[in-house]
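Below is one structure, written out as structure tokens; the observations come after it.
In this note's numbering, the protein residues as written are 15 to 246.
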């Protein structure tokens, strides 16, 4: 029994947008995911940090959800990514999964999830590609509110944060998010989104009081990273 995390599976079993076309680490990535998850059991939990499926709707993403259910039978906690166009309201998603018999899916979205005594917090986050003006400034502020709502829901528990967008890397810092993680005494932050050549910009390890780790699928060779051992 353990907690794992991985980001950016970019599945496309219900539509025609396979990532194999990018070559390199992405060649045969669906089979690599099968191999990477081979040792997980129904007792394990995995947090998926965004960009789960290229499906444009819940129905189009359904083959990808079923793939994950077949991949391992444990609990799956989802964070929204910038390419998760199928994402809708929490109630609609939970109702859809229940109606399909997919009962091991849950969300990190304006809430926290518990793993033993540890609170799992998170949201999509923000990225420099999105200019913080006009409509995008509203989205940015909403993401900050969602992150703080998630952190507040954790109370005094130890907190681990999961984001899709990186809070910082070489030459870039989203200071507002970094400040929130520090102020709520988050112990570690896991994030995705960065692929290929962007891996050279990654700066993992301690920054302030928080440990940061990139868990994009191609960075991990599609093998989920263990975050915590058995929940207490």
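Glycine is no exception: its CB is placed at the ideal position from the N, C-alpha and C atoms. This structure is a prediction, so every number in the text was calculated from the model and none was measured.
Item	Value
Within 10 angstroms of the Cβ of residue 235, are there 16 or more other Cβ atoms? Answer buried if so, exposed if not.	exposed
Rounded to whole angstroms, how far is the Cβ of residue 151 from the Cβ of residue 140, which I believe are closer than 8 Å?	Incorrect: roughly 10 Å between the Cβ atoms, too far for contact.
Is there contact here, the region 37-54 with the region 89-97, by at least three beta-carbon pairs under 8 Å?	no
State buried or exposed for residue 1, treating a residue as buried only when at least 16 other CB atoms are found within 10 Å of its CB.	Missing from the structure shown is residue 1; the chain here goes from 15 to 246 and no further.
Got a sec: is the Cβ-Cβ distance from residue 133 to anything in chain C below 7 Å?	Reference to chain C is not applicable here, since this structure consists of a single protein chain.
According to DSSP, simplified to helix, strand and coil, what is residue 178?	coil
Just tell me which of 23, 55, 56 has its CA closest to the CA of residue 42.	23
Can you tell me whether residue 214 is buried or exposed, with buried defined as 16 or more other CB within 10 angstroms of its CB?	exposed
Compute the beta-carbon to beta-carbon distance between residue 134 and residue 61, rounded to the nearest angstrom, for a pair I have assumed lies under 8 Å.	6 Å
Hey, out of 97, 181, 85, 208, whose CA is closest to residue 196's CA?	181
Would you be able to state if there are at least three C-beta pairs under 8 Å between the region 117-135 and the region 166-178?	yes
What does the Cβ neighbour count give for residue 201, buried or exposed, with the cut at 16 atoms within 10 Å?	exposed
At which residues does the beta strand (DSSP E) containing residue 120 begin and terminate?	119-121
Roughly how many whole angstroms lie between the Cα atoms of residue 70 and residue 98?	8 Å
Using CA atoms only, rank isn't needed, just tell me which of 16, 108, 179 is closest to residue 86.	16
For residue 163, name the three-state secondary structure that DSSP assigns.	helix
Quick check on this structure: which residue in 95, 54, 194, 36 has the alpha carbon closest to the alpha carbon of residue 240?	54
With a threshold of 7 Å on Cβ separation, who are the neighbours of residue 216 within its own chain once the five nearest residues in sequence on each side are excluded?	183, 208, 228
Hey, which unbroken runs of the alpha helix (DSSP H) at 4 residues or more fall wholly within the region 56-114?	72-85, 104-113
Using CA coordinates, which residue listed in 242, 124, 138, 164 is at the minimum distance from residue 154?	138
Under 7 Å between the Cβ atoms of residue 205 and residue 165?	no
Grouping DSSP H, G and I as helix and E and B as strand, with all else coil, what is residue 26?	coil
Straight-line CA distance for residue 116 to residue 83?	7 Å
Since residue 190 is in the beta strand (DSSP E), which residue starts that stretch and which ends it?	No beta strand (DSSP E) contains residue 190, which is instead part of the alpha helix (DSSP H) from 189-197.
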